[in-house]
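S.K.: Here numbering that gives the first Met the number 0 is used: the first residue of the sequence shown is 0, the next is one more, and so on. No residue lacks a Cβ here, since even glycine has one placed at the ideal position from N, Cα and C. On a predicted model such as this, the values are computed, not experimentally measured, just so you know. Quick one: this structure, given as structure tokens, is what I'll be asking you about.
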Amino acid sequence: MIKYIFGGIIAVIIAALISHYYHSSELPDVNWEMTVIPGDLSEAHSFLEDDCQSCHTPITGVTRENCVVCHANDTQIIQRQPTLFHVDIAECNSCHMEHQGKAARISKMDHEALSDIGLRMLPEDNTPFDQGTAVQKLFKEMLSDNRKVDPLLINPHVSTKEALLNCATCHANDDRHFGLFSDDCVQCHSTEQWSLSSFVHPSNKSNDCNQCHEAPPSHYMKHFKKISAKVAGEHKAPVEECFACHQNTSWNDIKKAGWYKHH
Numbered sequence: 000m001i002k003y004i005f006g007g008i009i010a011v012i013i014a015a016l017i018s019h020y021y022h023s024s025e026l027p028d029v030n031w032e033m034t035v036i037p038g039d040l041s042e043a044h045s046f047l048e049d050d051c052q053s054c055h056t057p058i059t060g061v062t063r064e065n066c067v068v069c070h071a072n073d074t075q076i077i078q079r080q081p082t083l084f085h086v087d088i089a090e091c092n093s094c095h096m097e098h099q100g101k102a103a104r105i106s107k108m109d110h111e112a113l114s115d116i117g118l119r120m121l122p123e124d125n126t127p128f129d130q131g132t133a134v135q136k137l138f139k140e141m142l143s144d145n146r147k148v149d150p151l152l153i154n155p156h157v158s159t160k161e162a163l164l165n166c167a168t169c170h171a172n173d174d175r176h177f178g179l180f181s182d183d184c185v186q187c188h189s190t191e192q193w194s195l196s197s198f199v200h201p202s203n204k205s206n207d208c209n210q211c212h213e214a215p216p217s218h219y220m221k222h223f224k225k226i227s228a229k230v231a232g233e234h235k236a237p238v239e240e241c242f243a244c245h246q247n248t249s250w251n252d253i254k255k256a257g258w259y260k261h262h
């Protein structure tokens, strides 16, 4: 009998402690909205902040079909080579994450996420790509032939996942080098900042300057032979052979003469 009485007292004490814990003023009030809505929508989607079902499907979550309702006819995406691949990708929220605040730029390009999507969509049963779906063929073009990248060969500008991508698939129309520097853009460029702080010449021993460079009009005048050629000490060098007189650090950096502005 005493055992049951003692057990009852212990139970009452525990219940009182639990009740005090949950009703303590020190604990913040639980706001269910913060649990359901992790953050504000971006400025572009802010008009949907009171219309969750436009993007979310019960139990399933955000689906591609809901995104397509608004973006299927977006000609800025589906008619441009760099973004044309969106038509065949079945995952939108892998790259475009919402509820990160109004100032969030959800259209920012994430090359690593694109690489992840491509790897997930490759055939798992070694099915040849020519027998695969159109999406798989697309990613075959986007992923480099060598999917197992040698860490020793990775350009320091990019990550291992980014190195799997073939830049030319999306950026061929943006190539200002007209294919003369190959399609391996990451030899010089990075995905974080496309512009280079300084020019990276393809080779210190390049002898085919005319592919990219055109001599100024002064090189075809008498001034060139009488003055400029003498300074460089190359009296018989053809105008097309820029390397005979110029260093690749600057046009005004002349071999055997140093800095000289001659035109």
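1) Start and end of the beta strand (DSSP E) containing Ile253?
2) For the alpha helix (DSSP H) that contains Arg119, what are its first and last residues?
3) By a C-beta neighbour count over all protein chains shown, 10 Å radius and 16 as the cutoff for buried, is Lys139 buried or exposed?
4) Assign Leu26 to buried or exposed, taking buried as 16 or more other Cβ atoms, counted over all protein chains shown, within 10 Å of its Cβ.
5) If you draw a straight line from the C-alpha of Gly257 to the C-alpha of Val157, how long is it?
6) Report the CB separation of Cys244 from Lys254 in whole angstroms; it is logged as a contact under 8 Å.
7) Looking at the secondary structure, which residues open and close the alpha helix (DSSP H) in which His85 lies?
8) Over the uninterrupted alpha helix (DSSP H) stretch that includes Val68, give me the two end residues.
9) Looking only at C-alpha atoms, which of Val185, Lys107, Leu179 and His98 sits nearest to Ser41?
10) Pairing CB atoms from the stretch 227–242 with CB atoms from the stretch 209–218, are three or more of them under 8 Å?
11) For Leu163, count the other beta carbons within 10 Å of its own beta carbon; 16 or more makes it buried, fewer makes it exposed. Which is it?
12) For Pro81 and Cys166, I'd like the C-alpha separation in whole angstroms.
13) Output yes or no for whether 8 Å exceeds the beta carbon distance between Tyr259 and Asn247.
14) Mind checking His110: buried by the 16 CB within 10 Å criterion, or exposed?
15) Do Ile58 and Glu90 have their beta-carbon atoms positioned less than 8 Å apart in this structure?
16) With a CB to CB cut of under 6 Å and the five nearest residues on each side skipped, what residues in its chain are close to Ala112?
M.R.: Well, looking at it:
1) Start and end: Ser249 to Ile253.
2) His110 to Met120 is the span of the alpha helix (DSSP H), which, as asked, contains Arg119.
3) That one is buried.
4) The pLDDT assigned to Leu26 is 45, lower than 50, so where the model puts this residue is not dependable, and the model offers no usable value.
5) Taking the straight line from one Cα to the other gives about 36 Å.
6) Lys254 and Cys244 do touch by the CB rule: their CB atoms are close to 6 Å apart, below 8 Å.
7) That residue, His85, is in no alpha helix (DSSP H); it is neither H nor E in DSSP.
8) Per DSSP, Val68 belongs to the alpha helix (DSSP H) from Arg63 to His70.
9) Taking the Cα of Ser41 as reference, the smallest distance to any Cα among Val185, Lys107, Leu179 and His98 is reached at His98.
10) At 8 Å Cβ cutoff, the stretches touch.
11) So Leu163 counts as buried.
12) Going by C-alpha positions, Pro81 is about 10 Å away from Cys166.
13) Inclusion of Tyr259 and Asn247 in the CB contact set at 8 Å is not warranted, their separation being larger than that value.
14) The residue in question, His110, is buried, as its Cβ has 16 or more Cβ neighbours within 10 Å.
15) The answer is no: Cβ separation not under 8 Å.
16) Shown here for Ala112: same chain residues with a beta carbon closer than 6 Å to its own, the five before and five after excluded, namely Ser93 and Cys94 in chain order.
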